[in-house]
Amino acid sequence: MIELTNISKSFGQTKALSEINLRLEKGRCVGLIGPNACGKTTLIKHFLGMVFPDKGQILVNGRSVAGDVSYKNHIGYMPQIGRYPENMSIIQVIDMIRSIRHFDGKEDLELFHSFGLDTVSYKKMRTLSGGTTQKVSATLAFMFNPTVLVLDEPTAGLDPMASEILREKIIKVRQDKLILISSHLLSELDDLLTDVIFMEEAHIKFHLTVSELFERTGEERVSRAIHKILKAGVR
Amino acid sequence: MIITCRRPGFLAITLIWSLPLWGCTLTVGSGKDFIRIADALKQASDKDTVMVFEGTYAEGTLTIRKKIIMIGIERPIIDGGMKGEVLAIKSSDVIVKGFRIIRSGSGTLDDPAGIRVYNVKKVILEDNELVDNFFGIYLQYSSGCIVRNNKIMANASEEQKIGNGIHCWKSDSLTIIGNKITGHRDGIYFEFVTHSLVWRNISKYNLRYGLHFMFSNDDDYINNVFVANGAGVAVMYTKNVLMYNNTFAESRGDASYGILLKDISDAEIIGNSFTDNTSALYLEGANRMVISKNTFRDNGWGLKIQANCMDNVVQENNFISNTFDVSTNGSLVLNTFKNNYWDKYEGYDLNKDACGDVPYRPLSLYAVVIENNPVAMLLFRSFMISLLERTEKLIPSITPESFRDDHPKMKPLDL
Amino acid sequence: MKKIASFVISDILRNKVILVYTLVLAVFSWSIFSLEDSTSKAVLSLLNLVLLTVPLVAIIFSNIYIYNSGEFIELLVSQPVKRASIWTALFAGLSSALVVSFLVGIGIPVVIFIPGKTGLILVATGIMVTLVFTSLAMLCSILMRDKARGIGLSVIIWLFMTLIYDGLVLFLMFQFADYPIEKPMVVVSALNPIDLARILVLLQIDMTVLLGFTGAVFQKMFGTTTGLAVSAILMMLWILIPFYLSLKIFKRKDL
Chain L
28 MIELTNISKS FGQTKALSEI NLRLEKGRCV GLIGPNACGK TTLIKHFLGM VFPDKGQILV
88 NGRSVAGDVS YKNHIGYMPQ IGRYPENMSI IQVIDMIRSI RHFDGKEDLE LFHSFGLDTV
148 SYKKMRTLSG GTTQKVSATL AFMFNPTVLV LDEPTAGLDP MASEILREKI IKVRQDKLIL
208 ISSHLLSELD DLLTDVIFME EAHIKFHLTV SELFERTGEE RVSRAIHKIL KAGVR
Chain X
343 MIITCRRPGF LAITLIWSLP LWGCTLTVGS GKDFIRIADA LKQASDKDTV MVFEGTYAEG
403 TLTIRKKIIM IGIERPIIDG GMKGEVLAIK SSDVIVKGFR IIRSGSGTLD DPAGIRVYNV
463 KKVILEDNEL VDNFFGIYLQ YSSGCIVRNN KIMANASEEQ KIGNGIHCWK SDSLTIIGNK
523 ITGHRDGIYF EFVTHSLVWR NISKYNLRYG LHFMFSNDDD YINNVFVANG AGVAVMYTKN
583 VLMYNNTFAE SRGDASYGIL LKDISDAEII GNSFTDNTSA LYLEGANRMV ISKNTFRDNG
643 WGLKIQANCM DNVVQENNFI SNTFDVSTNG SLVLNTFKNN YWDKYEGYDL NKDACGDVPY
703 RPLSLYAVVI ENNPVAMLLF RSFMISLLER TEKLIPSITP ESFRDDHPKM KPLDL
Chain D
596 MKKIASFVIS DILRNKVILV YTLVLAVFSW SIFSLEDSTS KAVLSLLNLV LLTVPLVAII
656 FSNIYIYNSG EFIELLVSQP VKRASIWTAL FAGLSSALVV SFLVGIGIPV VIFIPGKTGL
716 ILVATGIMVT LVFTSLAMLC SILMRDKARG IGLSVIIWLF MTLIYDGLVL FLMFQFADYP
776 IEKPMVVVSA LNPIDLARIL VLLQIDMTVL LGFTGAVFQK MFGTTTGLAV SAILMMLWIL
836 IPFYLSLKIF KRKDL
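This is the structure we're talking about:
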């Protein structure tokens with residue numbers, strides 16, 4: 028579904044991604060884990076064409092993403108910090124995105140209602156709290172029933188209630204989708220994962236299925252398993 | 343042929359027409375006394391009247407050698423057939439009236455004209471139309487002649503191929519009134535013509551000058567209109583000239599002037615209107631002139647006064663919407679500017695005497711710059727130039743300090 | 596693209612700065628026309644407005660707007676929209692909003708008080724200048740990641756075109772005063788959009804003076820139909836080239 032070959036990227040002197048090779052398939056729920064500034068967000072931005080690789084190739088459904096934007100019709104993206112035009116209200120943002128997506132299918136506005144955004148939809152983006160902004164981001168990501176969901180630190184600003192709603196939603200839709208969740212530390216969502224990718228200093232340290240991970244570490248929770256591996260690595 | 347001499351029946355009319363009518367009347371035209379004008383002129387004697395009726399008369403050059411009146415009825419046409427002059431007047435006290443005189447010859451050697459007046463006195467040329475002649479009306483060594491209400495038209499494209507509309511040479515006491523001249527080289531040309539009056543003429547679309555005079559002292563130019571002539575009006579080497587209430591307009595182009603004054607002294611230029619000229623009034627070697635009550639509007643340069651002009655007084659004129667009101671080529675100022683209205687003046691009048699309390703410097707920095715370096719016109723009205731101009735107005739450095747009007751008017755003069 | 600552009604337009608037209616700009620232009624031009632009795636002086640005052648204020652506001656406002664739209668641009672890029680469409684829509688939206696306020700502020704009074712060729716040329720050059728400086732702002736903002744630097748660069752460009760360039764040209768004119776420099780100087784002046792705009796208006800209001808120059812260089816270079824066409828093409832290049840460069844950079848830019 029998504030295939031990355033030899034992706035390298037530097038920002039000036041800083042190496043953000045180095046020789047990344049990655050293959051992600053439909054039906055998986057992948058956790059992208061790593062410390063701050065390890066290159067998670069940069070990697071995600073590559074999927075979305077917001078950042079261009081210095082080297083390497085990105086294929087989505089077997090087609091190169093360079094110079095083609097139509098593949099984005101199949102991606103739902105929830106940024107780490109959603110930034111929106113300040114003077115627009117929630118409903119205006121949603122309307123605008125709707126108008127540029129040309130989506131034919133049935134829109135999925137479940138999150139919009141379950142987050143309670145329908146009651147505050149007139150509010151301007153600049154007046155919203157970080158959590159509410161994240162709710163808008165999540166709504167937009169799921170709205171067009173995409174086959175790929177890219178969620179960058181989805182639970183970071185959300186309250187536990189909202190996190191739970193999001194979790195339920197992921198479970199509901201994960202059939203036949205590729206879901207990529209990035210986080211520096213997983214907690215609420217780690218039981219959803221089928222795969223774990225651990226990144227450190229621009230490299231992919233390991234890419235394991237959750238069962239492989241548990242097998243190696245003897246742990247039964249993703250976060251603890253990773254801790255264990257890290258400690259072993261340090262030693 | 344027997345000529346019947348018919349006296350006019352009414353004494354009153356004859357009195358008004360005065361003496362010349364006491365002669366006989368000779369008629370020319372089909373079914374009249376004469377078929378050809380030339381025959382009538384040959385038969386006529388002093389004080390006779392030759393009445394020419396409608397028709398076209400192409401008889402080569404006609405010469406009037408007697409003191410007669412020649413009147414065209416229903417505007418007969420005298421066609422010169424493009425050879426020589428059409429009508430030559432070689433006698434004093436002749437009146438020619440009501441003809442359409444066309445197609446003189448052309449050539450610069452003998453200067454053929456529609457009507458040429460040779461060395462005589464008191465000739466009156468009135469209400470004629472002169473069309474497509476090399477020169478329109480040509481007077482030489484004549485005095486006391488009147489040229490009145492004639493229409494003189496030509497359609498020349500090059501200066502060399504056409505003469506002047508009304509050309510006067512070595513004459514005195516002429517009166518040129520109410521003529522309309524277009525399409526000639528110079529509309530009215532005076533050389534060595536003195537004590538003459540040019541009044542209410544309209545000179546338009548002539549190739550060179552609307553009015554051109556040289557060495558012609560003591561002449562008056564009043565209420566004439568000079569519009570869209572190639573280079574405007576040029577007057578040179580002359581003194582004691584009065585120019586009142588004339589209109590000088592639309593002389594536009596390189597070396598075009600509303601009036602160009604070169605080596606003129608003791609002239610008065612009063613109450614004229616200068617509109618839309620490249621240079622409205624250009625003075626070179628002009629001394630002791632009075633320039634007042636004129637309106638300079640929408641000209642490129644209002645007044646171009648060269649440094650070799652002195653003792654001129656420029657007062658009570660209106661300068662409105664000119665790109666440059668004044669320009670000069672030197673730093674010496676020997677002329678007086680006072681009580682003019684300058685629309686660019688930004689001073690104030692606290693004592694309410696209708697004159698600004700601070701002097702106005704009509705000479706803009708850029709006018710001086712352009713004088714020296716015409717290409718700099720490309721930068722005119724740019725922000726930088728405006729800044730420089732402002733500075734110069736506050737602290738004159740390039741423009742002569744004494745070039746100023748100490749009592750500029752706050753409101754345009756009612757002219 | 597149309598949707599994004601129309602969103603940008605409606606967003607800018609609700610912006611307070613642009614409302615104030617429109618209002619100031621309107622107040623200025625109406626008062627000029629009601630205070631000045633001679634139209635040529637009014638045209639001159641308006642010319643200064645067109646040559647100084649309009650480009651300054653266009654370049655700074657556009658710059659700030661683009662910086663402030665960073666989020667908006669990012670949001671759009673993550674959506675299935677071509678980058679070229681986003682950038683072009685931004686330019687189209689910005690410039691049409693600025694042109695609308697120019698037309699409301701200056702265009703309407705000009706059409707009312709000086710209908711005819713002079714007014715038309717004045718308004719046309721004003722529109723051109725707005726477009727040129729919006730385009731330059733796009734380039735500034737893409738060249739400088741930092742907002743303050745971008746604005747600094749804009750001010751420098753504005754200052755260069757309105758003041759410094761003319762100073763250099765004047766210097767050249769006096770340095771080479773003894774040579775036949777008319778034609779090269781005309782070309783040099785025409786290369787600066789502000790000078791070009793100024794000369795086009797000059798040809799309307801100072802025709803009588805300009806006719807007084809040897810060979811009537813001005814008319815031959817600018818006054819003829821060909822001259823006007825060439826001027827228009829130069830202006831178009833000034834609009835298109837900076838925008839095209841900025842677009843090229845934007846297409847490859849990491850957000």
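Chain order of the listed sequences is L, X and D.
Sequential numbering of the first sequence, starting at 28, is according to our numbering.
Sequential numbering of the second sequence, starting at 343, is according to our numbering.
Sequential numbering of the third sequence, starting at 596, is according to our numbering.
Even for Gly, the Cβ is constructed at its ideal location relative to N, Cα and C.
Residue i: buried (16+ other C-beta within 10 angstroms of its C-beta) or exposed?
i	result
D/Gln770	exposed
D/Arg744	exposed
L/Leu59	buried
X/Asn714	exposed
X/Gly449	exposed
X/Arg417	exposed
X/Arg349	Legend: pLDDT at X/Arg349 = 46, less than 50; position of this residue unreliable, value from coordinates given subsequently. Exposed.
D/Glu614	For clarity, residue 614 of chain D is Leu in the given sequence; the question names Glu instead. Classification for D/Leu614: exposed.
X/Val489	buried
X/Ala496	buried
L/Gln202	exposed
X/Asp602	It is worth fixing the name first, because residue 602 of chain X is Leu in this sequence and not Asp. Per the 10 Å Cβ criterion, buried.
D/Ala732	buried
L/Val57	buried
X/Asn521	buried
X/Thr617	buried
Under the three-state reduction of DSSP, which class applies to residue i: helix, strand or coil?
i	result
X/Asn651	The sequence given here has Cys at residue 651 of chain X, not Asn. Three-state DSSP puts X/Cys651 in coil, outside helix and strand.
L/Lys99	helix
D/Ser841	helix
L/Phe171	coil
L/Cys116	Correcting the residue identity first, residue 116 of chain L is Ser in this sequence and not Cys. Correct three-state label for L/Ser116: strand.
L/Ile108	coil
X/Leu363	A caution first: X/Leu363 carries a pLDDT of 48, below 50, which makes its placement in the model too unreliable to give a value.
L/Asn33	strand
X/Gly478	strand
L/Thr244	helix
L/His234	strand
L/Phe130	coil
X/Ile377	coil
L/Lys53	coil
X/Val462	coil
L/Glu228	coil
State the start and end residues of the unbroken alpha helix (DSSP H) segment that holds residue i.
i	result
D/Cys735	Lys712 to Leu738
D/Lys611	Lys611 to Leu630
L/Lys67	Lys67 to Phe74
X/Arg594	Segment: none, X/Arg594 is in no alpha helix (DSSP H) and carries neither H nor E.
List the residues that DSSP assigns as beta-bridge partners of residue i.
i	result
L/Gln161	DSSP lists no partner for L/Gln161.
X/Met412	X/Val392 and X/Val438
L/Thr41	L/Phe38
X/Ser615	X/Thr589 and X/Thr637
L/Lys151	L/Ser116
L/Gln202	According to DSSP, which records beta bridges pairwise, L/Gln202 is partnered with nothing at all.
X/Lys680	X/Gln657
X/Asn629	X/Ser607 and X/Met652
L/Gly58	L/Ile208 and L/Val223
Against chain A, with Cβ distances strictly below 8 Å, would residue i count as a contact?
i	result
X/Asp618	Judged by its chain identifiers, the structure shown contains no chain A, and its protein chains are L, X and D.
Taking the beta strand (DSSP E) that residue i falls in, what are its first and last residues?
i	result
X/Ala622	Ser621 to Glu626
D/Arg744	Where D/Arg744 is concerned, there is no enclosing beta strand (DSSP E), although the alpha helix (DSSP H) it sits in stretches over Lys742 to Leu754.
X/His509	Ile508 to Asp514
X/Met495	Lys493 to Met495
Any 3 or more C-beta pairs closer than 8 Å across the region 754-761 of chain D and the region 705-713 of chain X: Touching, no.
Decide if the region 166-184 of chain L is in contact with the region 98-117 of chain L; the criterion is three or more beta carbon pairs, one per stretch, under 8 Å apart. The count of Cβ pairs closer than 8 Å, one atom from the region 166-184 of chain L and one from the region 98-117 of chain L, reaches three, so the stretches are in contact.
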